[in-house]
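Colleague: With UniProt numbering, letter number 172 in the sequence shown gets 172, and the count goes up by one each step, no holes. There's a structure below that I have some questions on.
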Amino acid sequence: MTTSTPTSTGTVDQPILSVTGLSASYGFGRRAPLVLDDVSLTLGKGRTMGVVGESGSGKSTLAKVIIGTLGASAGTVEVGGVDVGRAKSAQRQALRRSVQMIPQDPYASLDPRMTIGRTLREALAPKGGRESTYRDRIVELLELVSLDASAVNRYPHEFSGGMRQRVAIARAIAVQPTLLIADEVTSALDASIQFEVLGLLDRLQKELGFGCVFITHNLGVAARMCDDITVMRYGKVVEQGPISLLAAPADPYTRLLVGSVPDPDGRFLTDPSAYDSVIAG
Ligand code: ADP
Ligand code: MG
Numbered sequence: 001m002t003t004s005t006p007t008s009t010g011t012v013d014q015p016i017l018s019v020t021g022l023s024a025s026y027g028f029g030r031r032a033p034l035v036l037d038d039v040s041l042t043l044g045k046g047r048t049m050g051v052v053g054e055s056g057s058g059k060s061t062l063a064k065v066i067i068g069t070l071g072a073s074a075g076t077v078e079v080g081g082v083d084v085g086r087a088k089s090a091q092r093q094a095l096r097r098s099v100q101m102i103p104q105d106p107y108a109s110l111d112p113r114m115t116i117g118r119t120l121r122e123a124l125a126p127k128g129g130r131e132s133t134y135r136d137r138i139v140e141l142l143e144l145v146s147l148d149a150s151a152v153n154r155y156p157h158e159f160s161g162g163m164r165q166r167v168a169i170a171r172a173i174a175v176q177p178t179l180l181i182a183d184e185v186t187s188a189l190d191a192s193i194q195f196e197v198l199g200l201l202d203r204l205q206k207e208l209g210f211g212c213v214f215i216t217h218n219l220g221v222a223a224r225m226c227d228d229i230t231v232m233r234y235g236k237v238v239e240q241g242p243i244s245l246l247a248a249p250a251d252p253y254t255r256l257l258v259g260s261v262p263d264p265d266g267r268f269l270t271d272p273s274a275y276d277s278v279i280a281g
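Written out as structure tokens, the structure reads:
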């Protein structure tokens, strides 16, 4: 009997992302309210972890701490075994490539003065270089996200929201990240376009094998995309496990999100003590 799962290289698969006991706030000092409070999650290679919860529950803050733009007040984030908070400069440079983010707003995330070709060239070679040197790779990236090669010479304003989001995805995968953070990537899109973009992300993940932290307030979208799920409320994890838990949530807040708990006066969503009394049974 084996106790571990060897990969083809003979090493045991380690998680690509381990978040352990993570707390964070936007203020300074001990009185600053915790926006993340003791959050932990683990993501394996090529897997997708959904992070769900209402607006204000701390999902985007979690993304910021994972990508390193906001420091933690307690706990750790490890990407491929490297502690993001303690990374040395060479490690930090490597992390900037291996962790990529697709932002929510396809209208705000692309520089309006840059052609799509330039945007992708800057992703591939942030320190500069001729676009022609990277032309083949840029065309390949456009093909990966099902955009025509002619896009290289065009500007963001010439594209629809869905097409811009494809460009943002191409930019994120350009440097072959091991971890992709997708924060409400389809929230600004029409339903039919959402469907296309989700299908694209799914296909790319199968082809390229990155792990994904998929943040959404939409449980239907989470169910479509994720292997596992973390349900957050007021910065805390209230329930976590395989996506199938949505069929029979143990936690009343998750049941509320799924829609099986009536909350006629909305008390449950705004009053922590109402929630706590339900938890206490
Ligand atoms: P979500 O993405 O789940 O909607 P956020 O992580 O954006 O939640 O926000 C969590 C909490 O942190 C909210 O109460 C929000 O008001 C607060 N917050 C978010 N960004 C900032 C900021 N830059 N400065 C201060 N408070 C913030
Ligand atoms: Mg958010």
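The C-beta atom is built at its ideal place from N, Cα and C for all residues, glycine as well. Quantities reported herein were computed from a predicted structural model and do not represent experimental measurements.
Going by C-alpha to C-alpha distance, which of T133, P103 and P126 sits closest to A182?
Modeller: Nearest option by C-alpha distance: P103.
Colleague: Return the CA-CA distance between T254 and V237, expressed in angstroms with no decimal places.
Modeller: Distance between the alpha carbons of T254 and V237: 11 Å.
Colleague: What do you get for A280, buried or exposed, if any count of 16 or more other CB atoms within 10 angstroms of its CB means buried?
Modeller: For A280, the pLDDT reaches just 49, beneath the cut-off of 50, and the residue's location in the model is therefore unreliable, leaving the point undetermined.
Colleague: Kindly identify the DSSP beta-bridge partner or partners of D83.
Modeller: For D83, which the question treats as bridged, DSSP gives the partners E78.
Colleague: Nearer than 7 Å: is that true of the beta carbon of Y253 relative to any heavy atom of the ligand ADP?
Modeller: Checking the Cβ of Y253 against the ligand ADP gives no.
Colleague: On the CB-based measure, 16 or more other CB atoms within 10 Å of its CB, does A123 come out buried or exposed?
Modeller: A123 should be labelled buried.
Colleague: Sort I169, I67, I243 and Q93 by Cα distance to T119 and report the nearest one.
Modeller: Comparing Cα positions, the closest option is I169.
Colleague: Under a Cβ-count criterion, where at least 16 other Cβ atoms within 10 Å of its own Cβ denotes burial, should Y134 be classed as buried or exposed?
Modeller: With 16 or more other Cβ atoms within 10 Å, it is buried.
Colleague: Is any non-hydrogen atom of the ligand ADP found closer than 7 Å to the C-beta of P73, if you look at the structure I gave you?
Modeller: Before going on, a small fix: residue 73 reads as Ser here, not Pro. It does not: the Cβ of S73 is nowhere closer than 7 Å to a heavy atom of the ligand ADP.
Colleague: Quick check on T48: buried or exposed, where buried means 16 or more other Cβ atoms within 10 Å of its Cβ?
Modeller: T48 comes out buried.
Colleague: V65 and A74: beta carbons closer than 8 Å?
Modeller: In this structure, A74 does not lie closer than 8 Å to V65 by Cβ.
Colleague: What does DSSP give as the partner residue(s) for D228 in the beta ladder?
Modeller: Answer is M49 and P242, bridged to D228.
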